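Only one structure is covered here, and it is reproduced in the block below.
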Amino acid sequence: MRLVLLGAPGVGKGVQGNLLKERYNIPKISTGDILREVINNKTPEGIEAEAFLRSGKLVPDSLINNIVNKRLKNDDCENGFILDGYPRTVPQAEFLNEILSKNSETLDKVINIEIDENIIIKRLSNRRICLSCGELYNMLTDPPPEDGVCRVCGEKVIQREDDKPETIKNRIEVYKKETQPLKEFYESSGLLVEVDGNNDIRNIHKNIISLME
Ligand SMILES: [Zn+2]
């Protein structure tokens, strides 16, 4: 089962990815996680990526491709994977097709979660994150401990600049513009399935499963 999850920031891709991971027993690979991992491990790619991020630049396609390619070669990907946050551009999607086809593999589905903008804004402005390990919290449903430190690693939990309401609208616009070509790319190859994200977590999961099976 080789899957890609698409959806604007805040649609609940992370949660759905985790549920799929449990159900199919395949790893969920998020770009944020693997970037953090290579940076923490100071691999050559990690050192390069960190330099881009430090200077406020996007990590270029070629470097992201390289990092994802290495990650997909891990043994745990033998029975498949769920990609979250990758591919983000058509060139990345083409690269992914290329590396899969080298092993005579293809993607099974690209799941696009759609949701109302206002719900995203409400969700994201309640989000908090541990800058060190990436653990997510929600001020309404899953707040960080009272002392404001991460339950996993003990570092400080913060609200990212990105999750402030004034910047969320902008992020959604950017995401839409950026992802439209990607959606069209996967639609034309018949892989794209649309899921209504204006629903509770369990129901969204059920809908995804029924689309898969
Ligand atoms: Zn932490």
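Numbered per the numbering used here, the sequence shown spans residues 77 to 289. Here a beta-carbon is modelled for each residue, glycine too, at the ideal position from N, C-alpha and C. Remember, predicted model here, so these are calculated numbers, not experimental data.
For Arg-236, same chain residues with a beta-carbon under 7 Å away, outside a window of 5 residues either side, are Ile-205 in chain order.
Taking every protein chain shown into account, the CB of Ser-106 has 16 or more other CB atoms within 10 angstroms, so this residue is buried.
In this structure, ligand 1 has no non-hydrogen atom nearer than 8 Å to the beta-carbon of Ser-106.
For Ile-191, no beta strand (DSSP E) segment is defined, and its DSSP state is neither H nor E. Collapsing the DSSP output to three states places Tyr-213 in a strand. Residues lining ligand 1 by the Cβ criterion, that is a Cβ closer than 6 Å to any of its heavy atoms, are Cys-206, Ser-208, Cys-209, Glu-211, Cys-226, Val-228, Cys-229, Glu-231 in chain order. Contact holds between the stretch 189-201 and the stretch 84-91, because three or more Cβ pairs, one in each stretch, are under 8 Å apart. At a Cβ-Cβ threshold of 9 Å, Lys-259 and Leu-268 count as neighbours. Here Arg-99 is actually not in contact with Phe-157; their C-beta atoms are around 13 Å apart, not less than 8 Å. With contact defined as three or more Cβ pairs closer than 8 Å, the stretch 166-185 and the stretch 122-132 are not in contact.
DSSP places Cys-153 in the helix class (H, G or I) of the three-state scheme.
If one requires a minimum length of 3 residues, no beta strand (DSSP E) run lies completely within the stretch 122-149. Cβ contact annotation for Asp-137 (same chain, cutoff 7 Å, sequence separation greater than five): Thr-165, Pro-167, Gln-168, in chain order.
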